[in-house]
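Same order as they appear, the protein sequences are chains A and B. Just add 5 to the spot in the first sequence (first one is 1) and you have the working numbering. Just add 1 to the spot in the second sequence (first one is 1) and you have the working numbering.
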Amino acid sequence: MTELAIAVPPLALAAGVLACLGRTPRQSDRLNVAGALVTAAAAAVLAVAALTGEEVHTRWLEIDAASGVFVAVIAAVGLCSALVSPAFLRTGGRSWFTAARSRHAYYAALYAFWAALFIVPLAGNLAIVWLVVEGTTGASALLVAFSGRREALEAGWKYLVLTTLGLAVALLGIVILSIEQADGGLHALGWRALANAPLDPGTTLVAFVLIIAGLATKIGWAPVHNWLPDAHSEAPAPISALLSAALLPTVALVAWRVKDTLAAAAGPGAAGALFIGFGLASIAVAIPFLWRPLPYKRLLAYSSLEHMGVIALGIGFGTSLAIAGVLLHVAGHALAKALGFYAALPLLRADPSAAKQPLRGVGRGSTATAIGVALFALAGLPPSPLFASELLIALGGVDAGEPVVVGVAVVLLALGFLGLLHAFVEGVLPAPRRRSRPHRGSRQVIVLTSALSVGLLALTVAAAWLPGSALVEGLL
Amino acid sequence: MAGLILALGLGVVLVRRRSLAIALVSAQSLALGIMALDHAAVAAVVLAVKAVALPALLVAVVRRTREPRLVAAAAGPLVRLAGAAAAAGLAAALVPPDVRGGAAVVVTGLAIVVARRPILFQLLGVIVAENGLSLLALSVPGGLSYVIELGALLDLALVVVVASFFARRIHLELGTGDTELLRGLRD
Chain A
6 MTELAIAVPP LALAAGVLAC LGRTPRQSDR LNVAGALVTA AAAAVLAVAA LTGEEVHTRW
66 LEIDAASGVF VAVIAAVGLC SALVSPAFLR TGGRSWFTAA RSRHAYYAAL YAFWAALFIV
126 PLAGNLAIVW LVVEGTTGAS ALLVAFSGRR EALEAGWKYL VLTTLGLAVA LLGIVILSIE
186 QADGGLHALG WRALANAPLD PGTTLVAFVL IIAGLATKIG WAPVHNWLPD AHSEAPAPIS
246 ALLSAALLPT VALVAWRVKD TLAAAAGPGA AGALFIGFGL ASIAVAIPFL WRPLPYKRLL
306 AYSSLEHMGV IALGIGFGTS LAIAGVLLHV AGHALAKALG FYAALPLLRA DPSAAKQPLR
366 GVGRGSTATA IGVALFALAG LPPSPLFASE LLIALGGVDA GEPVVVGVAV VLLALGFLGL
426 LHAFVEGVLP APRRRSRPHR GSRQVIVLTS ALSVGLLALT VAAAWLPGSA LVEGLL
Chain B
2 MAGLILALGL GVVLVRRRSL AIALVSAQSL ALGIMALDHA AVAAVVLAVK AVALPALLVA
62 VVRRTREPRL VAAAAGPLVR LAGAAAAAGL AAALVPPDVR GGAAVVVTGL AIVVARRPIL
122 FQLLGVIVAE NGLSLLALSV PGGLSYVIEL GALLDLALVV VVASFFARRI HLELGTGDTE
182 LLRGLRD
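As structure tokens, this is what we get:
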């Protein structure tokens, strides 16, 4: 498994190089599909090995069940984004690069971003993880602003500056943590080394708060989420899916590992309370926006804020049920949110005004079905796995002795459910403003809707088996 | 030396001309390189990248993005300076004594981003914040592994190169580098 873990990120980079070797757009698109399939297949084998109990704990690698879930999510969303990218590039309109360079720039940045994402759940050292997370910023900022339009440039700039500054704050915490240790070398910041180090509680708490607050800007937890709605709404749809379904939860995994590693020294109560605070704030800030008539992709962005809040709550509770809920929520949110963003491709092609206006009638075609499945799954309507995961996290919160927090969260989530239901009734059900013929992109959405719906149902089934399983218990 | 590095950072809050601000940040990086002279390899890389290459790139950006007029300031220079100094002082008071100087410079970088409207100044704020982290690593014995320092430097260089593309493109699109005009996305 070690060899595979070392091979997957370079494989993604090699796939990017391959896609850039294409001499014509069609060649590049085909090489992109081939490279993405090979990368995702290798990552899937790695994820299955990690999920079936194989573990690696070395200075450089930390592979456990959580790595398995996150590698699987990154592989699935990355593959789907690569598969829909040719359709986006054919019809996505202008780019800030020249026509000749546009495709190559897009694929180079996409695969660099994907490769970096793979490293994060596998790396065994906090400092290396920080370097990689910071390294994702450049490539993903270029992708956010890919269209070169004024709004996209604004979103990309905000994302670049805010997340870089946030990560600088996190690095400040890492430096303080490093200074605290007698051997301040690189290996002292390994996950295992940190967990076993004799750390001063006061200094560790300061470092912990700085690291989590810094990472929160990249995860998009309120109140440091300002870049999130802009970047998600302005980025190309395949990139919005990668940002929301893969990047945000993957950085949340880093925060989770920091908590697991430092909570004993910083104080388990304070560590949990910080996550619960970010969780409740994120859900509370997101809910009013789910009720407002927002453009479709912006609505999905605020839904991401809500769901990152739910994940923060689960990590903060930290009980067996809550952790089972977190794993399920990460996977379920990834599939539903990615589908939601992919549905934006045919939606915006048929009605470009939907980029700036709320949904007002999508009709009953494949796009409406995809949007409906995504919105209902994200709202947590059974049989969505997000219903099961939110229930598990709520029960985990009660287990953790936080009934008031659970009560507040449940009320807020119920309001969020009604908000998304309202968006569906108002935006999707009415007849469309204009008719459009089905095209290749729509057929692709039909296939994706079917595949991701099966995945969502499989996760719902897994919810019955997950609590108390060896997979979850191994993470406690 | 830490006082000089902080003062150069606060100078960026104060000055109006972009070229002067780049010179201040370059001088700040030079001071950091001198502090790292005990470790020749690290010092050489810091000097080459932060004090020479990145400022040269930013000067090129300034030349290609001439402002038709000076971008109006969000607040007067003394108000900006007082705000940044207060934020830096507060940060220094909240962290352990060993890391006060570095934390103050990091917060000065954040203050530059908040207080200055031109894109190039915001980018300089990011570099000043990173310089604060380098100061921390250098001022404490065994502060931070060189691998992490050099990795962070590489990340910074990547961010500055990408941000330079943004600066030119935004100037092309808006005719100015005033971030006040980048406020169209609101709910």
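All C-beta atoms, glycine included, are put in the ideal place defined by N, C-alpha and C.
Annotation: the continuous alpha helix (DSSP H) that includes Asn201 of chain A extends over Trp196 to Asn201.
Among the CB atoms of chain B, one or more fall inside 7 angstroms of the CB of Ala173 of chain A. In the structure shown, Ala76 of chain B falls within a coil segment according to DSSP collapsed to helix, strand and coil. Note on Gln32 of chain A: under 16 other CB atoms within 10 angstroms of its CB, so exposed under the neighbour-count rule. As the crow flies, the alpha-carbon of Pro30 of chain A is around 51 angstroms from that of Met36 of chain B. The three-state secondary structure of Leu350 of chain A, taken from DSSP, is helix. Of all residues in the stretch 291-306 of chain A, only Phe294, Arg297, Leu299 and Arg303 place a beta-carbon less than 8 angstroms from a beta-carbon of chain B. For the set B:Leu5, B:Gly77 and B:Val60, the Cα lying nearest the Cα of Leu21 of chain B is the one of B:Val60. Nearest to Pro14 of chain A by alpha-carbon distance, out of A:Arg64, A:Asp69 and A:Leu115, is A:Leu115.
Close CB contacts of Arg19 of chain B within its chain, under the 6 angstroms cut and outside five residues either way in sequence, are with Val63 and Leu121 (chain order). With 16 or more other Cβ atoms inside 10 Å of its own Cβ, Ile328 of chain A counts as buried. By the C-beta criterion, the stretch 188-199 of chain A is judged to be in contact with the stretch 53-72 of chain A, since at least 3 inter-stretch pairs fall below 8 angstroms. DSSP places Thr29 of chain A in no alpha helix (DSSP H); its state is neither H nor E. The beta carbon of Ala75 of chain B does not come within 7 angstroms of any beta carbon belonging to chain A, so the residue lies off that interface. Per DSSP, reduced to three states, the secondary structure at Asn37 of chain A is helical.
Within the same chain, and ignoring the five residues on either side of Val43 of chain A in sequence, the residues whose Cβ sits closer than 8 angstroms to its Cβ are Leu16 and Ala20. In the structure shown, Val61 of chain A falls within a strand segment according to DSSP collapsed to helix, strand and coil. DSSP lists A:His62 as the bridge partner or partners of Glu67 of chain A. Rounded to whole angstroms, the gap between the alpha carbons of Gly323 of chain A and Ala120 of chain A is 29 angstroms. Residues of the same chain with a CB within less than 6 angstroms of the CB of Phe346 of chain A, apart from the 5 flanking positions on each side, are Ala242, Ser245 and Ala246 in chain order. Looking at the backbone, the Cα of Leu397 of chain A and that of Leu305 of chain A are separated by about 23 angstroms. Proximity of Phe167 of chain B to chain A, defined by a Cβ-Cβ separation below 7 angstroms, is satisfied. Among the CB atoms of chain A, none fall inside 7 angstroms of the CB of Ser20 of chain B.
Take His338 of chain A, set aside five residues on each side of it, and the residues of its chain with a beta-carbon closer than 6 angstroms to its own are His312, in chain order.
Trp261 of chain A is classed as buried because its beta carbon has at least 16 other beta carbons within 10 Å across all chains shown. For the stretch 203-257 of chain A, there is no continuous beta strand (DSSP E) assignment of 3+ residues that stays within its boundaries.
Buried is the label assigned to Trp101 of chain A, since at least 16 other Cβ atoms lie within 10 Å of its Cβ.
In the DSSP assignment, Trp101 of chain A falls outside any alpha helix (DSSP H), carrying neither H nor E. Between Leu137 of chain B and Val96 of chain B, the alpha-carbon positions lie close to 12 angstroms from each other. Rounded to whole angstroms, the gap between the alpha carbons of Gln362 of chain A and Pro78 of chain B is 41 angstroms. Against Arg155 of chain A, the close residues of chain B are Ile171, Glu174, Leu175, Leu182, Leu183 and Gly185, in the order they occur along the chain (beta-carbon pairs closer than 9 angstroms). Check the Cα spacing between Gly219 of chain A and each of A:Pro435, A:Val433, A:Ala257 and A:Leu420: the tightest is with A:Ala257. Looking at the DSSP output, Asn132 of chain B bridges to nothing.
Scanning chain A for C-beta atoms nearer than 9 angstroms to the C-beta of Ser146 of chain B yields Ala132, Ser183, Gly189, Gly190, Leu191, His192, Ala193 and Leu194, reported in chain order. Scanning its chain for C-beta atoms nearer than 6 angstroms, with the 5 sequence neighbours on each side dropped, one finds around Pro472 of chain A the residues Leu326 and Ala329, in chain order.
Across the structure, Val290 of chain A and Leu425 of chain A are spaced so that their CA atoms are roughly 15 angstroms apart.
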